[in-house]
Amino acid sequence: MAKLGKPFKYIVTCVIMQKSGAGLHSASSCYWDSSTDGKRSVLRRKLF
Numbered sequence: 001m002a003k004l005g006k007p008f009k010y011i012v013t014c015v016i017m018q019k020s021g022a023g024l025h026s027a028s029s030c031y032w033d034s035s036t037d038g039k040r041s042v043l044r045r046k047l048f
């Protein structure tokens, strides 16, 4: 990705799990410059 020379930073997290009633806790952290960096969150409950 660095060879593309794009001014973007990619941070991807994906969780795929069976729907069985069990809970899931997840955490992550990132350090960025809030004046130039941002975020996008996408939640899809049904893919197909």
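So in full-length UniProt numbering the end of the sequence shown lands on 48, straight run, no missing numbers. Ideal Cβ positions, reconstructed from N, Cα and C, are used throughout, including at glycine.
- Out of SER28, ASP33, PHE8, LEU4, the CA that lies nearest to the CA of CYS14 is found in SER28.
- For LEU43, the secondary structure class from DSSP, reduced to helix, strand or coil, is coil.
- Rounded to the nearest whole angstrom, the CA to CA distance from ILE16 to TRP32 is 27 angstroms.
- Put simply, the backbone Cα of LYS46 is about 20 angstroms away from that of SER26.
- Straight through space, the alpha carbons of LEU24 and GLN18 are spaced by roughly 11 angstroms.
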